[in-house]
Amino acid sequence: MAELRAVKALPPRTHTIGEVINLLRSDFPEISVSKVRFLESRGLVAPSRSNSGYRMFSDDDVHRIRYVLTEQRDHYLPLKVIKSKLSAWDKGAETPVAPDSGTPPEAYFASSGVSLSAREVLRSSGLSVDQLQAIETEGLLDPVILPDGTPVYSDTDLQIARATNRLLSRGLEPRHLRGIRLAADRQTDLLGQLVAPLLRHRNPDNHRRSSEILADTSEASAIIQETLVRSRLRKLLEH
């Protein structure tokens, strides 16, 4: 019988920084040596060093860099958030799951572009003249005022007017809707902070990224709000 010999385990495979860039360049064309070094300086990856002092990246290091770049590119997450996810991962949490994506911005922000007169809004929404004026005073509608003082309403204004009529027909008054408008203002300010750095340097790429972020976060916020209200009303009915 042939003598069994102990097989020495092979050392983990490592890559130089140039090899890392070559491995990732097809998916991330803008990756560079300075980018990888920057991620290292932020504590997102910690390569070992060779006897000569060169950075040596393991397969796990490459995976981490790929994850960071993907989260930045596809979900626009700040490095602080990505680092917290990686820290949880290092402590034994499951591999971070990419968040769901929402409606594309071109569909989310789409508008028919129609222009409606006050008479058309009244007829289509069922509101009275006084009610229309009242909700406009409360800031729920945003018509364009022509030079002669004539208001022109959008399809968004009509949607709000129709929904408002449903609430008013149940006994609410226009002044009660002020809270809804204020909540929308606060949400707009909050989400606007996410894209403020991008909008300081306006260009087509930043505009696209801002649109994607705002569409996604606005839709997610609306889901949370609707779900919370539904849950609380369900409990109200059960008591």
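Numbering-wise (our numbering), the sequence shown opens with residue 6 and increments by one.
Yeah, the Cβ is synthetic: ideal placement off N, Cα and C, and Gly gets one too.
- When the beta-carbon positions are compared, residue 70 and residue 50 come within less than 7 Å of each other.
- From the listed residues 142, 144, 129, the smallest Cα separation to residue 160 is found for 129.
- Taken atom to atom, the span from the alpha-carbon of residue 40 to that of residue 27 is near 13 Å.
- Listed in chain order, the non-local C-beta contacts of residue 170 below 6 Å within the same chain comprise 130, 131, 132, local neighbours out to five positions each way being set aside.
- Assigned with DSSP and collapsed to three states, residue 43 falls in helix.
- Per DSSP, residue 57 lies in no alpha helix (DSSP H) and is assigned neither H nor E.
- In this chain, the alpha helix (DSSP H) harbouring residue 93 covers 84-95.
- By the Cβ test, the segment 105-121 is in contact with the segment 208-223, since at least three Cβ pairs between them sit closer than 8 Å.
- Measuring C-alpha to C-alpha distances from residue 91 to each of 191, 24, 48, 177 identifies 48 as the nearest.
- DSSP, reduced to helix, strand and coil, places residue 121 within a strand of the structure shown.
- Straight-line measurement puts the Cα of residue 223 at about 51 Å from the Cα of residue 56.
- Close CB contacts of residue 25 within its chain, under the 7 Å cut and outside five residues either way in sequence, are with 41, 62, 67, 70 (chain order).
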